[in-house]
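J.: Before we start, here is the structure in question, set down as structure tokens.
In full-length UniProt numbering, the protein residues as written are 1 to 305.
Written as structure tokens, this is what we have:
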């Protein structure tokens, strides 16, 4: 690809996020970037003169709401003008994180997880596919280790379900897109230091007053806020460099596992039986203590009689 001008479009670019790290790394590789976000204000820190890069690569910014068909169409038309009708890389990075025990979930909140993480991703890919086909491009779908069968951590099931759906959709997309010369890569990202949990906590992370999980409120809310994540997470810069190394291969892998414990948890998913995982999660999230507490509840005592 020597001498070829390449373009990447990234959804969900914001300061301290993975999209920001991808933008910086791509510009450093002399790949032009179209950074998008639902709110243009969230990209004010990005300079169109590309202060994040010492190369001559261009940086353009577009407003894009992945759940709004009109916004998608407008962004598609603008991207086509920037790129000359071809798009080499689409990074479906926009995400939403509504965290809540399933019994307490707002269906509206859970639906937004799917609207952004699944349906929005597909809508953007459909709109930009003609440009990707022209370039023989690559679609990169940002999933998570949360999608793995071994990571059904209590209290964030709504988010994990949307990521599992995303990963399944991405596998189908890879096979269905191949005849048209478009590659699809699924990122099964482990823990990386970002501002994601701060954003997620702003939209949920507090149990409702009538929640059955109030006896273990501290543990539940700590999990919902990501405060139980292990230390030593990868930096965004380290993660982005490794991911772009993978994506720029002539034959990129179908799945890229980068970030803290990403490969380890993948292997756990293959090897550890569900009964063992149930046992671990029950104790790690104090659900065993909740069981003991619930046995003292009047309705439970009646059933036992």
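From the three backbone atoms N, C-alpha and C, an ideal C-beta is built for every residue, glycine too.
Please report the residue range of the alpha helix (DSSP H) in which residue 82 lies.
T.: Here the question's residue 82 lines up with position 82 in the chain shown. Element bounds for residue 82: 69-83.
J.: Give the range of the beta strand (DSSP E) segment to which residue 185 is assigned.
T.: The residue you call residue 185 lines up with position 185 of the chain shown. Note, residue 185: beta strand (DSSP E), 183-187.
J.: Does the beta-carbon distance from residue 193 to residue 236 come in below 9 Å?
T.: Here residue 193 refers to the residue found at position 193 of the chain shown. Here residue 236 refers to the residue found at position 236 of the chain shown. Yes, Cβ-Cβ distance for residue 193 and residue 236 is below 9 Å.
J.: Within the same chain, show all residues whose beta-carbon is closer than 6 Å to that of residue 291, passing over the 5 residues directly before and after it, in chain order.
T.: Taking the first residue of the chain shown as 1, we reach residue 291 at position 291. Around residue 291: no qualifying Cβ.
J.: By Cβ distance, which residues of its chain are closer than 6 Å to residue 63, with the 5 residues on each side in sequence left out?
T.: The count along the chain shown starts at 1 and reaches residue 63 at position 63. Excluding residues within five positions, the ones whose Cβ falls inside 6 Å are 40.
J.: Less than 8 Å between the CB atoms is what I'm expecting for residue 110 and residue 224, so what's the real figure, rounded?
T.: Against the chain shown, residue 110 aligns to sequence position 110. Against the chain shown, residue 224 aligns to sequence position 224. That belief does not hold up - the Cβ atoms of residue 110 and residue 224 are roughly 14 Å apart, past 8 Å.
J.: Let's test the definition: count the other Cβ atoms within 10 Å of the Cβ of residue 154 and tell me whether it reaches 16, buried, or not, exposed.
T.: Stepping through the chain shown from its first residue, residue 154 is reached at position 154. Looking at its Cβ environment, which holds 16 or more other Cβ atoms inside 10 Å, residue 154 is buried.
J.: If you check the beta carbons only, do residue 113 and residue 159 fall under 9 Å apart?
T.: As a first step, residue 113 is located in the chain shown; it is residue number 113 there, counting from the start. As a first step, residue 159 is located in the chain shown; it is residue number 159 there, counting from the start. Yes, the pair counts as a contact, with Cβ atoms nearer than the cut-off.
J.: State the CB to CB distance for the pair residue 180 and residue 133, rounded to an integer number of angstroms; the pair is presumed to be in contact (CB under 8 Å).
T.: Position 180 of the chain shown, counted from the start, is the residue given in the question as residue 180. Position 133 of the chain shown, counted from the start, is the residue given in the question as residue 133. That pair is a contact at about 5 Å.
J.: If you draw a straight line from the C-alpha of residue 73 to the C-alpha of residue 65, how long is it?
T.: Start at 1 with the first residue of the chain shown, and residue 73 comes out as number 73. Start at 1 with the first residue of the chain shown, and residue 65 comes out as number 65. Rounded to the nearest angstrom, the two C-alpha atoms are 10 Å apart.
J.: Pick from 145, 185 and 28: whose alpha carbon is nearest that of residue 259?
T.: Position 259 of the chain shown, counted from the start, is the residue given in the question as residue 259. Minimum Cα distance to residue 259 is reached at 145.
J.: Please report how far the alpha carbon of residue 29 lies from the alpha carbon of residue 120, in whole angstroms.
T.: By 1-based counting over the chain shown, the position of residue 29 is 29. By 1-based counting over the chain shown, the position of residue 120 is 120. Going by the C-alpha atoms only, they are around 28 Å apart.
J.: Quick check: residue 56 and residue 131, are their CB atoms within less than 9 Å of each other?
T.: Here the question's residue 56 lines up with position 56 in the chain shown. Here the question's residue 131 lines up with position 131 in the chain shown. Contact: no.
J.: Which partner residues of residue 10 appear in the DSSP bridge assignment?
T.: Residue 10 sits at position 10 when you count from the first residue of the chain shown. In DSSP, residue 10 forms a bridge with 35 and 91.
J.: Just to confirm, are residue 16 and residue 240 a CB contact at a threshold of 9 Å?
T.: For the purposes of this step, residue 16 is identified with residue 16 of the chain shown, where counting begins at 1. For the purposes of this step, residue 240 is identified with residue 240 of the chain shown, where counting begins at 1. No. Outside cutoff.
J.: Determine the extent of the beta strand (DSSP E) in which residue 62 is found, giving its start and end residues.
T.: Here residue 62 is taken as the residue at index 62 of the chain shown, counted from 1. Segment 59-63, the beta strand (DSSP E) holding residue 62.
J.: Is the number of C-beta pairs between the stretch 274-289 and the stretch 204-222 that are closer than 8 Å three or more?
T.: Contact between the stretch 274-289 and the stretch 204-222 is present, because at least three Cβ pairs lie under 8 Å.
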